[in-house]
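Notes for the one structure printed next.
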Amino acid sequence: MSQQRIFITGASSGLGAALARAYAAPGVTLGLAARRIEKLETLKGELEGRGSRVEVYSLDVTDRTATQQAIDRFVAVAGGIDLVYANAGVYQNCNPALGHVGEMEEVIDVNVRGAIYTLTAALAHMVQAKAGRLVIIGSIAGFKGLPGGVYSASKVFVRYLADGWRADLAEAGVGVTVIYPGFIATEMTGEGKDYPFLMPADQAARAIKGAVAAGKDEFMLPWQWRLIVPFLRFLPASLFARRF
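Following this line, the structure appears as structure tokens:
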């Protein structure tokens, strides 16, 4: 499968920017979308220096029309789309005892609706071409509820969305990969906390690129989580909350 025309949301920093760097090479056209256009412009200059063609889009993925328009514009420029990464995401510590309904809505809007809008916008073009791959950034949190559980719930959603769509799209020639990262060193994790198996973003991006190129349905990283996740459901919630 060709991996020359790639659209990534949440690309201004963190894992999204690291993925853009991992793919940047002569002959590759990158579509990078995020709300912070100034950071995208800086990244664009860097990646063009590596020989890539780079298109940037100021985008709020919760805007369905704007998301469709951005991906349509990218396809028109690139001549198609091979990969789309639904990477944009937010974390809010939504304590139900304190209300935090607005924060809960933001998490659902970005992590769930934003993913659906991104994927379906690209999917229309992929189905027509009978080729392409949807890549969804999930989380280890989708296997065990974390404190502020709306984030975990949003990642459970995309986990099962990927399972269902993989079956739905089997005859359409479109693949679906869901990525389950543990803790990645990004703005979301911040500094000053001892996260287990914390992984540099550039290392994670290279591993994800390899898994997607191999056509994997699922990929969990770093490797330690593949051993731990099967036992997470047996871990008492109180202990899990204290450790993570």
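Letter by letter, the sequence shown follows residues 578 to 821 of my numbering.
Beta carbons: idealized from backbone N, C-alpha and C, even for Gly.
Predicted model only: the values in this text are computed from it and were never measured.
Q | Own chain residues within Cβ distance below 6 Å of Asp637, not counting five before or after | A | Arg612
Q) How long is the line joining the alpha carbons of Leu812 and Phe720, rounded to whole angstroms? A) 11 Å
Q) Is the Cβ-Cβ distance between Ala781 and Ile761 less than 7 Å? A) yes
Q. Below 8 Å, can you find three or more Cβ-Cβ pairs linking the stretch 596-609 to the stretch 774-788?
A. yes
Q.
Which residues does DSSP list as the beta-bridge partners of Leu711?
A. Val661, Val753
**Q.** C-alpha gap between Gly679 and Val727, whole angstroms
**A.** 12 Å
Q) Relative to the alpha-carbon of Arg630, which residue among Gly591, Asn672, Leu711, Ala655 has its alpha-carbon at the smallest distance? A) Ala655
**Q.** Exposure of Trp800, with buried meaning 16 or more beta-carbon neighbours within 10 Å
**A.** exposed
Q. In three-state DSSP terms, what is Gly769?
A. Low per-residue confidence applies at Gly769: pLDDT is 44, beneath 50, and the placement is therefore not dependable, though the value from the model is reported in the following sentence. If DSSP states are grouped into helix, strand and coil, Gly769 belongs with coil.
Q) Leaving out five residues before and five after Ala647 in sequence, what residues of the same chain have Cβ atoms less than 7 Å from its Cβ? A) Ala610, Tyr634, Leu636
Q: Using alpha carbons as the reference points, say which of Ala788, Gly759, Thr763 lies closest to Phe774.
A: For the residues Ala788, Gly759, Thr763, the minimum Cα distance to Phe774 belongs to Gly759.
Q | Selected residue, minimal CA-CA separation from Ala692, among Arg582, Gln580, Leu809, Thr586 | A | Thr586
Q: Starting from the C-beta of Asn688, find all residues in its chain whose C-beta is less than 6 Å away, skip the five residues before and the five after it, and write them out in chain order.
A: Gly666, Ser731
Q) Between Gly628, Ile685, Ala706, Cys671, which lies nearest to Val751 when the distance is taken from Cα to Cα? A) Ala706
Q. Secondary structure at Phe808, three-state DSSP: helix, strand or coil?
A. helix
**Q.** Alpha carbon of Glu615 to alpha carbon of Ser590, nearest angstrom
**A.** 11 Å
Q.
Let me check understanding here. Comparing Cα to Cα, which of Ala708, Met776, Thr763 lies closest to Gly657?
A. Ala708
Q: Taking Asp794 as the reference, give the member of Gly741, Tyr737, Thr754, Ala747 with the closest Cα.
A: When Gly741, Tyr737, Thr754, Ala747 are compared, the shortest CA-CA separation from Asp794 is found for Thr754.
Q) Considering only residues of the same chain and omitting the five flanking positions on each side of Phe796, which have a CB-CB separation below 6 Å? A) Correct list, in chain order: Ile756, Ala788.
Q.
Please state whether the Cβ-Cβ distance between Ala778 and Ala588 is less than 7 Å.
A. no
Q: Return the CA-CA distance between Gly769 and Tyr668, expressed in angstroms with no decimal places.
A: Residue confidence for Gly769 is low, a pLDDT of 44 falling below 50, so the modelled location carries little weight; the figure read from the coordinates is stated next. Distance between the alpha carbons of Gly769 and Tyr668: 17 Å.
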